[in-house]
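Read through the structure below, which is laid out as structure tokens, and then see the notes.
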Amino acid sequence: VLIIGAGPAGLKAASAIAEAGRKVILVDKSPAIGGKPVLYEKIFPNMECGPCMLEPILDDVLFGRYADNIETLTISEVTEVTGYYGNFTVKIKQSPRYVNLKTCIGCGECVEPCPQKAIAVPFTGAMPNSVSIDDSACLRFKGKECSLCKEACPIPDVIDYDDK
């Protein structure tokens, strides 16, 4: 099952469908999941913090009992849908993050040395807790020599400028 958008509704749908035993592909265009609510300190009507409100469902989708049934694709967009009801073929364009999500520990050591601020965690508490490189701002992708972020990273081979 394909779910487009990893905001609260997409997360809840992914969790419920995965719990029912189905495989889910969760696609979101941003580098982190949770949608807009994770950006707000207080959400009406109870003035509860957004990340606090979504923490149980984020935890469920990423680390819960059925998390193996959910494939999360961040920095991704659906580019084409063909087929018919019950038998669709979908093309998804996944933009490179230039950071290995499996090995990045989210320490942020790579952020400070970047002169262009091209590498960053989207926001405090972002899930996945990892940086990504904005190739439109990065000096390396403008044909200049720079590897300050890679040199600052305490874990070898986390940053991969050749990521496609």
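Here the sequence shown stands for residues 72 to 235, where the numbers follow my numbering.
Ideal Cβ placement from N, Cα and C applies to all residues, glycine included.
Note that the structure is a prediction, hence the values are computed from the model and not measured.
* Asked: Hey, would you say V95 sits closer than 8 angstroms to A89, going by beta carbons?
  -> yes
* Between the region 185-197 and the region 210-220, do three or more beta carbon pairs fall short of 8 angstroms? -> yes
* Using the Cα positions of Y169 and C209, report the straight-line distance between them to the nearest angstrom. => 11 angstroms
* To do: Indicate whether E109 and L125 have their beta-carbon atoms separated by less than 8 angstroms.
  => For the record, residue 109 in the displayed sequence is Val; it is not Glu. Cβ atoms of V109 and L125: closer than 8 angstroms.
* Beta-carbon gap between V27 and L82 smaller than 8 angstroms -> Residue 27 is absent from the model: the chain starts at 72 and stops at 235.
* **Inter-residue spacing [alpha-carbon to alpha-carbon] between K235 and Q165** => 9 angstroms
* **Local Cβ density within 10 Å of T195, reported as buried at 16 or more and exposed below that** => exposed
* **P220 versus E183 - alpha carbon distance** => A small correction: the amino acid at residue 220 is Cys; Pro does not occupy that position in the sequence shown. Answer to the nearest angstrom: the Cα atoms are 8 angstroms apart.
* Relative to the alpha-carbon of P225, which residue among S203, G177, R136, D205 has its alpha-carbon at the smallest distance? -> Selected option, being the one with the closest Cα: G177.
* Same chain, Cβ closer than 7 angstroms to A138, neighbours up to 5 away in sequence not counted -> Here the set comprises V132.
* So the beta strand (DSSP E) V132 belongs to, where does it begin and stop? -> Premise fails: V132 lies in the alpha helix (DSSP H), 121-134, not in any beta strand (DSSP E).
* Asked: How many angstroms separate the CA atom of E142 from the CA atom of D206?
  -> 24 angstroms
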